[in-house]
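I have placed the structure first, in the form of structure tokens, so that the comments after it can refer back to it.
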Amino acid sequence: MNSFLFCVLAVFAIMNCQRLVMAEDASAEATLALFGQMKSNNELKTENPEHLKQFEKFIRDFSKSYPTKEEVAKRFAVFEDNLKLIEDLNKGEHGTATYGINHLSDLTREEMKSRLGLNLSKH
């Protein structure tokens, strides 16, 4: 392959990657706007307001995109359940691991199992 063709292909790949990142950012921004509206209207119920801040940061940090209010509410509920699990795991931890928020924190156990092929039955 000549160097000119290689450069053209490399530039094309970079441009497509940039478009993908821009699309993810736009979707995450739309989700953040929807989340903000729901938060302002008290449509998301929680016993711990800090969880709302953590979920907003999670959406931003991992460029999460949810198309509807129903999906935002569902993912927040799952996220909050996972936060409680993280807190419980860290309380029982004796220095060998630290549990925290990651890109999977809005997934149910079943979704994690199906996507990752994991056996999570021990926890």
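What the sequence shown shows, in mature numbering (1 follows the signal peptide of the UniProt record, and there is no 0), is residues -23 to -1, 1 to 100, in sequence order. Ideal Cβ positions, reconstructed from N, Cα and C, are used throughout, including at glycine.
> When we look at the beta-carbon of residue 8 and count the other beta-carbons within 10 Å, is it buried (16 or more) or exposed?
Replying inline: buried
> From 69, 81, 34 and 93, pick the residue whose C-alpha is nearest to that of residue 55; which is it?
Replying inline: 81
> Span of the alpha helix (DSSP H) holding residue 36?
Replying inline: 26 to 38
> Can you round the beta-carbon distance between residue 46 and residue 6 to whole angstroms, since I take them to be within the 8 angstroms contact cut?
Replying inline: The Cβ separation is near 16 angstroms, so there is no contact.
>> Short of 8 angstroms in beta carbon distance, which residues of its chain neighbour residue 15, apart from the five on each side in sequence? Order them along the chain.
In response: 21, 46, 49 and 50
> Does DSSP classify residue 41 as helix, strand or coil?
Replying inline: coil
> Where residue 1 and residue 39 are concerned, what is the direct C-alpha to C-alpha distance, given to the nearest angstrom?
Replying inline: Low local confidence applies: a pLDDT of 47 at residue 1 is under 50, so the model's placement there is unreliable, with the coordinate-based value given in what follows. Taking the straight line from one Cα to the other gives about 10 angstroms.
> Comparing alpha-carbon positions, which option in 85, 52, 11 and 67 lies nearest residue 77?
Replying inline: 67
>> Please identify the residue among 59, 73 and 44 whose C-alpha is closest to the C-alpha of residue 101.
In response: Outside the modelled stretch of the chain, which goes from -23 to 100, sits residue 101, for which no answer is possible.
>> Let me make sure I understand the geometry here. Which of 44, 91, 64 and 10 has the alpha-carbon closest to that of residue 28?
In response: 64
> Is the CB-CB distance between residue 4 and residue 42 below 8 angstroms?
Replying inline: yes
> What three-state label does DSSP hand residue 78 in the structure shown?
Replying inline: coil
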